[in-house]
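Novice: Under my numbering, the residue at position 143 of the sequence shown is numbered 167, and the numbers go up by one with no gaps.
The structure is given below, and queries will be raised subsequently.
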Amino acid sequence: MLVEVFLFAVLVFLLWKTFSKPPGLPPGRWGLPLVGYIPWTNKNFEEQVIDLHQQYGDIFLWRMGTQLMVFLKDYKLVREAYSRFELSDRPNWETFRIFEETTHGIASSNGLFWHNNRRFTMRQLRDLGMGKSSLVGAVQHQALKLRKTLAEVVGTPVMIPHQLHVSVLNVIWHMVASRQFDAEDKKLQEFIKLMEEFVLLSNRMAIKDFLPWLENIMPDFLFKRLIKYHGIIYVKEKFIQYFKEEIEEHKTTLDSDNPRDLIDSYLVEIEAKKDDPETTFSEWELVFILFDMFFAGSETTVNTFTWLCCYLAAHPQVQRKLHAEIDEVLPSGALPTLAEKSRMPYMEAVINETMRACALVNFGLQHVANNDTQLGGYTIPQGTVVNTTVTSVHYDSRYWDRPKEFKPERWLDENGKFSMAKEGFLPFGVGKRVCVGESLARMELFIFTAMVFQSFAIAPPPGKSVNLTPDLSGFFFRKAMPNEFVFTAREQ
């Protein structure tokens, strides 16, 4: 009898240990083994996270499947976390690896690969003109194509045209491969379609990241169907094929003394380091750097500009002020350059306020604890994934007056000058892994906005309003809902 009592007590103890949250962790939802905490609610994921912040404060945990997730709301806590080495890595998720043995490129890699890829890419983007006048001509050329497309639909209710995506992609093609495509080009059309497919398919890879044990209990063919494995592999291999073709073409025409673009420069670097046994430079790594350049550099800019159109159409008084500034600074027919930025503070304020209000990358890119560490007075175990609740940060009343209002004036000082020094602002991340393409994105948004709204006014169709509710169907982006607009030609 004593043996049975003892065994029962041991069983109860083990069950208690299994189901209870270990001490020292942030407050939050622990849930059950293997499946974690599953909320029974109709609320979307972002709303659930915001509710949990209201309940638990600036830092809380949520065990999702087997993955321990920590969410941060306070800007200062985010800045502290992402400035530390212990929290600088990316998770070893399939979402980042894309069925490679390890991660590659810039956004997903870790360690020496990340350091070398990031350092090389930042240097090359600076040399190629990121944020400088040498790239302005290429951006102006693409903005002119967008303006021409809009001129063809003046007065007609339309969605933001496909040409926007083409123009933004062409800026990147110009930098990485000295290429340009027309909107009708079949290769470019397939390229854009594959990008859209990959974004949709990538959501399924999360099943493998959060519920890895399913792979061990399900038949292989069924699990692969569940995560859409074959679709992801097809899209991935198509991108690899595109980039390898470009690399091979560059190799046949390479002049090592006069590199034309990022691909040329990387090939020169491979040759220079070929005898270094510890080199991380390879054509395979270049493929994934290009992959990152197109996804990170196009989707964010396209979606931010789309949001900007939404906010201007919904706030005509803001649009009128923007038009007045453009008319004052840019004579009729003059194309904007970076030289005008200092004279167009309201333009910069509108762009910054758009990035704050839309909070496009709503949970940032995830970081992982590579060692046990402390944050906010709590233990963060090794392997814990750390997320930023960007929406909550951008709408935090500790940093923003009337945060739910679209108010570009918040970015102007008492003299009407643009002031960038703002806490609580995270469109490009913060810390060691801040976005390498911030200057390029800002330059594109400035020139595209100036050139489009130099020529056009934007409004919803008669009798309709702009839907500013974000589309939260994807995990990575808060896209704007589909809206129709009427563009009207202006005379300066």
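Virtual Cβ for every residue (Gly too), placed ideally from N, Cα, C.
(1) Output needed for Gly55: all residues of its chain with C-beta closer than 7 angstroms, excluding positions within five of it in sequence on either side, in chain order.
(2) Let me check understanding here. Comparing Cα to Cα, which of Asp82, Glu70, Val59, Trp64 lies closest to Gly52?
(3) May I ask you to report which of helix, strand or coil DSSP gives Val392?
(4) Identify which residue in Arg228, Gly400, Leu188, Pro432 has its Cα closest to the Cα of Arg103.
(5) Going by Cα to Cα distance, which pick from Phe222, Gln343, Trp197, Cys333 is closest to Ile271?
(6) Considering only residues of the stretch 132-170, which uninterrupted beta strand (DSSP E) runs meet the minimum length of 3 residues and lie entirely inside it, listed in chain order?
(7) So which of Met183, Phe470, Ile122, Trp331 has the shortest CA-CA distance to Ser226?
(8) Is Ile241 buried or exposed, if buried means 16 or more other CB atoms sit within 10 Å of its CB?
(9) Taking all protein chains shown into account, do 16 or more other C-beta atoms lie within 10 angstroms of the C-beta of Glu176, making it buried, or fewer, making it exposed?
(10) Does any CB atom of chain B fall closer than 7 angstroms to the CB of Glu323?
(11) For Gln91, which residues from the same chain have a beta carbon less than 7 angstroms from its beta carbon, with the 5 sequence-adjacent residues on both sides left out?
(12) Return the CA-CA distance between Phe318 and Phe501, expressed in angstroms with no decimal places.
(13) Rounded to whole angstroms, what is the Cα-Cα separation between Val292 and Asn116?
(14) Between Phe449, His418, Phe387, which has its C-alpha nearest Tyr496's C-alpha?
(15) Does Lys441 pass the burial test, meaning 16 or more other C-beta atoms within 10 Å, or should it be called exposed?
(16) I'd like to know whether the C-beta atoms of Thr520 and Val454 end up nearer to each other than 7 angstroms.
(17) Nearest to Ile287 by alpha carbon, out of His274, Lys446, Val417?
(18) Give the DSSP bridge partners of Tyr402, in chain order.
(19) Quick one, which of Thr145, Gln166, Phe95, Pro485 has its alpha-carbon nearest Ile471's?
(20) Could you tell me the alpha carbon to alpha carbon distance between Pro78 and Lys217, rounded to whole angstroms?
(21) Based on the DSSP output, what are the partners of Phe95 in its beta bridges?
(22) Taking the Cβ atom as the reference point for each residue, do Met219 and Thr119 lie within a distance shorter than 7 angstroms?
(23) So is Phe245 buried or exposed if we call it buried at 16+ other beta carbons inside 10 Å?
(24) For Leu336, I'd like the list of residues in its chain whose CB is within less than 8 angstroms of its CB, leaving aside the five on either flank, ordered along the chain.
(25) How many whole angstroms separate the CB atoms of Phe430 and Ala474, which I take to be in contact at a CB cut-off of 8 angstroms?
(26) Can you give the beta carbon distance from Gln187 to Ala207, rounded, assuming they're within the 8 angstroms contact cut?
(27) With H, G and I counted as helix, E and B as strand and the rest as coil, what does DSSP make of Gly255?
(28) Does Leu436 come out as helix, strand or coil in the three-state DSSP assignment?
(29) How is the alpha helix (DSSP H) around Val353 delimited, first residue to last?
(30) Skipping 5 residues on each side, what residues in its chain have a beta carbon closer than 8 angstroms to that of Phe37?
(31) By Cβ distance, which residues of its chain are closer than 7 angstroms to Val458, with the 5 residues on each side in sequence left out?
(32) Tell me the residue span of the beta strand (DSSP E) that contains Ile130.
(33) What residue from Tyr266, Glu124, His339 has the CA that sits closest to Asn491's CA?
Specialist: This is what the structure holds:
(1) Tyr61, Ile62, Arg87
(2) Asp82
(3) strand
(4) Gly400
(5) For the residues Phe222, Gln343, Trp197, Cys333, the minimum Cα distance to Ile271 belongs to Trp197.
(6) none
(7) Ile122
(8) exposed
(9) exposed
(10) Of the protein chains in this structure there is only one, and it is not chain B.
(11) Asp233, Phe234, Val409
(12) 16 angstroms
(13) 30 angstroms
(14) In the sequence as displayed, the identity of residue 496 is Leu instead of Tyr. The shortest C-alpha separation from Leu496 is found at Phe387.
(15) exposed
(16) Lying outside 25 to 516, the shown extent of the chain, residue 520 is not represented and no answer is given.
(17) His274
(18) Tyr402 is bridged to Leu399.
(19) Checked all of Thr145, Gln166, Phe95, Pro485; the closest Cα to Ile471 is Gln166.
(20) The sequence shown places Gln at residue 78, not Pro. Going from the Cα of Gln78 to the Cα of Lys217 covers about 39 angstroms.
(21) Phe84, Asn411
(22) no
(23) exposed
(24) Val342, Gln343, Leu346, Val374, Phe477, Ile482
(25) With 8 angstroms as the limit, Phe430 and Ala474 do not qualify as a contact, their Cβ atoms being about 19 angstroms apart.
(26) 6 angstroms
(27) Looking at Gly255 - three-state DSSP - the assignment turns out to be helix.
(28) strand
(29) 340-353
(30) For Phe37, the pLDDT reaches just 45, beneath the cut-off of 50, and the residue's location in the model is therefore unreliable, although a value from the coordinates is still provided. None.
(31) Phe452
(32) Taken as a continuous stretch (DSSP letters only), Ile130 belongs to no beta strand (DSSP E), as it is neither H nor E.
(33) Cα-wise, what sits closest to Asn491 is His339.
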